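Asks:
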Amino acid sequence: MFLLDVVPTSHLIITVLCCLGSTFLVLLWLHGRCVNQKVRFARVKRLDVLELMDKTVLQSKKQHGDLDTGHIVSLTLPQLVDQLKKGSLTPESVLTAYIEKALEVNKELNCLTDFLPECEAQLQEVKKQKGKGLLYGVPITLKDNVGYKGHDSHCGLVQFLGIADQEDSVVVQVLKKQGAVPFVKTNIPQSMINFDCSNSIFGQTLNPHNHKKTCGGSSGGEAALISGGGSILGVGTDVLGSIRMPCSFCGICGLKPSGNRLSSLGFSTPVSGMKSAVMMPGPMARDVDSLALFMKAVLCDDMFQLDPTVPPVPFRDEVYNSSQPLTIGFYDTDGYFLPSPGMKRAIQETKTLLEEAGHKLVSFTPPRIEYALNELCIRGFFADGGSTLVEKFNADIVDPNLKQQILVYKIPTVVKKIVSFFMRPIFPRIANNLNAHCGVSSVKDLWRHNTAIKEYRCEYIREWKKLNLDALLCPMLGPAFNIGCPGKLFAGFCFTMLFNILNFPAGVLPVTTGTAEDEEELKHYKGYYNDLWDKEIIKGMEEGVGLPLAVQCVALPWQEEQCLRLMKEVEKVTHAKVKK
Numbered sequence: 000m001f002l003l004d005v006v007p008t009s010h011l012i013i014t015v016l017c018c019l020g021s022t023f024l025v026l027l028w029l030h031g032r033c034v035n036q037k038v039r040f041a042r043v044k045r046l047d048v049l050e051l052m053d054k055t056v057l058q059s060k061k062q063h064g065d066l067d068t069g070h071i072v073s074l075t076l077p078q079l080v081d082q083l084k085k086g087s088l089t090p091e092s093v094l095t096a097y098i099e100k101a102l103e104v105n106k107e108l109n110c111l112t113d114f115l116p117e118c119e120a121q122l123q124e125v126k127k128q129k130g131k132g133l134l135y136g137v138p139i140t141l142k143d144n145v146g147y148k149g150h151d152s153h154c155g156l157v158q159f160l161g162i163a164d165q166e167d168s169v170v171v172q173v174l175k176k177q178g179a180v181p182f183v184k185t186n187i188p189q190s191m192i193n194f195d196c197s198n199s200i201f202g203q204t205l206n207p208h209n210h211k212k213t214c215g216g217s218s219g220g221e222a223a224l225i226s227g228g229g230s231i232l233g234v235g236t237d238v239l240g241s242i243r244m245p246c247s248f249c250g251i252c253g254l255k256p257s258g259n260r261l262s263s264l265g266f267s268t269p270v271s272g273m274k275s276a277v278m279m280p281g282p283m284a285r286d287v288d289s290l291a292l293f294m295k296a297v298l299c300d301d302m303f304q305l306d307p308t309v310p311p312v313p314f315r316d317e318v319y320n321s322s323q324p325l326t327i328g329f330y331d332t333d334g335y336f337l338p339s340p341g342m343k344r345a346i347q348e349t350k351t352l353l354e355e356a357g358h359k360l361v362s363f364t365p366p367r368i369e370y371a372l373n374e375l376c377i378r379g380f381f382a383d384g385g386s387t388l389v390e391k392f393n394a395d396i397v398d399p400n401l402k403q404q405i406l407v408y409k410i411p412t413v414v415k416k417i418v419s420f421f422m423r424p425i426f427p428r429i430a431n432n433l434n435a436h437c438g439v440s441s442v443k444d445l446w447r448h449n450t451a452i453k454e455y456r457c458e459y460i461r462e463w464k465k466l467n468l469d470a471l472l473c474p475m476l477g478p479a480f481n482i483g484c485p486g487k488l489f490a491g492f493c494f495t496m497l498f499n500i501l502n503f504p505a506g507v508l509p510v511t512t513g514t515a516e517d518e519e520e521l522k523h524y525k526g527y528y529n530d531l532w533d534k535e536i537i538k539g540m541e542e543g544v545g546l547p548l549a550v551q552c553v554a555l556p557w558q559e560e561q562c563l564r565l566m567k568e569v570e571k572v573t574h575a576k577v578k579k
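Quick note: the sequence shown, position 319, residue 318 per numbering that gives the first Met the number 0, numbers continuous.
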């Protein structure tokens, strides 16, 4: 009471506020210091593991002599498996060759985050197995969020560093039982909600075809490493296009299976509990046969026992190996985002080649595409308005390539609604997309949203069935964007995320490359709206001559074999054209 008598109340309040402010600034400084220390530690640790990889290669060469690394890494997966099982190549020589090649690729592209030294012990376990698994002795690589015992699955976020997984993910356990040897983890974008590949811990991963370009995301490190020759088979994940986008940009093959066809137990994600778009692990490789072999290997009793929630449906060889002509739906634009000249050419050329090979191509129009992308995909994916994702960034350093994207999530819902209202007359597409980022307003609204997804899926399947389609051929975003552009054009996922909402299996594979004619036409690209997004497409895709261009192949739920069958047909006719 004496203090209150001496010191005026207003002065006391000011003093308390100053103390609180100073305390807050000190805590903020300490937090920043802690984050920076964790980042420095992670970078030093990576240097150590890269050095360990180098020592492993040198030690192996001393024991087993020099290797023809070039020959080993040039083999296709079926060829490699065949030589390993015959004994003409040893598992030690193959693992050493791929560790050496991965190091070489990493120096150029910055695609590795961790080495799994347990691979040597795993290799010895593989050699003890009585029966040789389908992937006997095959070195494989893992996207960073794939659970592996004793190692981080940090999702590109500092707060998850140092939290080691207690056991292998189910997919990794099954792959090991099939004789595979995981040996490295690969880079991802911060939070994995982006189709660039950069984070504040390990930096930017580059495109193997052009270092000014991104390798894509979020399975970008995998795609870059495989495309560069440092891996023959990788495990990625896809929630909006995170396998298909980097595969397209890097010119390799990838498959997103139907939801729950494979086990997702043990995979990390920054936002759990979101059900609108189903996150699925899937294979990435240089050819379609490798994807099929992966699926055949993991769709086995081991997976069905380890995760009883996965339906026990083995891989159907008879569907994948069928030679019956297909009825294939196709479209070269969905009316929402006009494909680039190269994308449109890739679809049209592939359609012609498939027709010449005896398949029937039927024009298909996706129903209510803008409604599906905004009201079902975006509103469902950001049902909470993006608040859960923002929480993860509040305790982190935001990567520069994601700042614009994260800013949208941080805008209060009421402000998003007001801005979208006034923006709609000028930029209707962007306004509707921004409004969709507001998410849902209540549990009742979420139930209505889930019902709307089911109804749309039924509508889409009805259109599919009317045409009696076996599979669907459609555009895939490409060529690769310039680094930094994906964070300004999240809507680029529109070519892929529809099939996550529909829960259809979808794969991509390269069919051609960008030409000077494509580049010239791109200069005159106006899109459907000639808005900021359409202008960003030009900035993102310029200087794309010689870069891969892909197409997307889609099938109905649980028809992965049919999806792969179409991919194989596309690969066959494309390769035949190249040979001619």
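We put the beta carbon where it would ideally sit given N, CA and C, even for glycine.
Since this is a predicted model, take the numbers as computed values, not measurements.
#1: Between M540 and L521, is the Cβ-Cβ spacing less than 8 Å?
#2: Since F329 and F363 are thought to touch, with beta carbons under 8 Å apart, how far apart are those beta carbons, to the nearest angstrom?
#3: For I417, count the other beta carbons within 10 Å of its own beta carbon; 16 or more makes it buried, fewer makes it exposed. Which is it?
#4: Bridge partners for S197 per DSSP, in chain order?
#5: Report the partner residues of M496 according to the DSSP bridge assignment.
#6: With a threshold of 7 Å, establish whether the CB of G477 neighbours any heavy atom of the ligand NAP.
#7: Could you tell me which of G265, T236 and R285 sits nearest to L224, measuring between CA atoms?
#8: Leaving out the 5 sequence neighbours to the left and right, which residues in its chain are closer than 7 Å to G258 when beta-carbon positions are compared?
#9: Assign H580 to one of three DSSP states: helix, strand, or coil.
#10: For F201 and R45, which I take to be in contact (beta-carbon distance under 8 Å), what is that distance rounded to the nearest angstrom?
#11: Quick one: complete alpha helix (DSSP H) runs, 4+ long, within the region 35-90?
#12: Tell me, please, which residues DSSP counts as bridged to A470.
#13: D469 to N320, Cα distance in whole Å?
#14: Identify whether I346 lies in helix, strand or coil by the three-state DSSP scheme.
#15: Can you tell me which of the three DSSP states M244 falls into?
#16: Applying the 10 Å Cβ sphere with the 16-neighbour rule, what's the burial state of Q558?
#17: F23 to A394, Cα distance in whole Å?
#18: Less than 6 Å between C-beta atoms, sequence neighbours within five positions excluded: which residues of the same chain meet that for P509?
#19: If you count every other CB in all the chains shown that lies within 10 Å of the CB of P256, and 16 or more means buried, which is it?
#20: Do the CB positions of T75 and K184 come within less than 8 Å of each other?
#21: Can you tell me whether V25 is helix, strand or coil according to DSSP?
#22: How many Å lie between G299 and Q172 at the Cα?
#23: Whole alpha helix (DSSP H) runs in the region 354-419 with 4 or more residues, listed along the chain?
#24: Three Cβ pairs or more, each shorter than 8 Å: is that satisfied between the region 405-424 and the region 209-218?
#25: Select from V287, V145 and I139 the residue whose C-alpha is nearest the C-alpha of V72.
#26: Per DSSP, G265 forms a beta bridge with which residues?
Replies: Taking the structure as given:
#1: yes
#2: 6 Å
#3: exposed
#4: Q203
#5: Answer is none; M496 lacks a bridge partner.
#6: Absence of the ligand NAP from the depicted structure is noted, as is the absence of any ligand whatsoever, leaving it without description.
#7: R285
#8: V277, M279 and N502
#9: Nothing in the structure corresponds to residue 580, since the chain is present only between 0 and 579.
#10: 7 Å
#11: 68-73 and 76-85
#12: I327
#13: 14 Å
#14: helix
#15: helix
#16: buried
#17: Note that F23 has pLDDT 49, beneath the 50 cutoff, so the model's placement of it is unreliable and no number is given.
#18: G250, P547 and A549
#19: buried
#20: no
#21: Annotation note: pLDDT 48 at V25 (below 50); position unreliable, coordinate value reported separately. Correct three-state label for V25: helix.
#22: The sequence shown places Cys at residue 299, rather than the Gly named in the question. Near 12 Å, if we compare the C-alpha coordinates of Q172 and C299.
#23: 386-393 and 402-409
#24: no
#25: I139
#26: Answer is none; G265 lacks a bridge partner.
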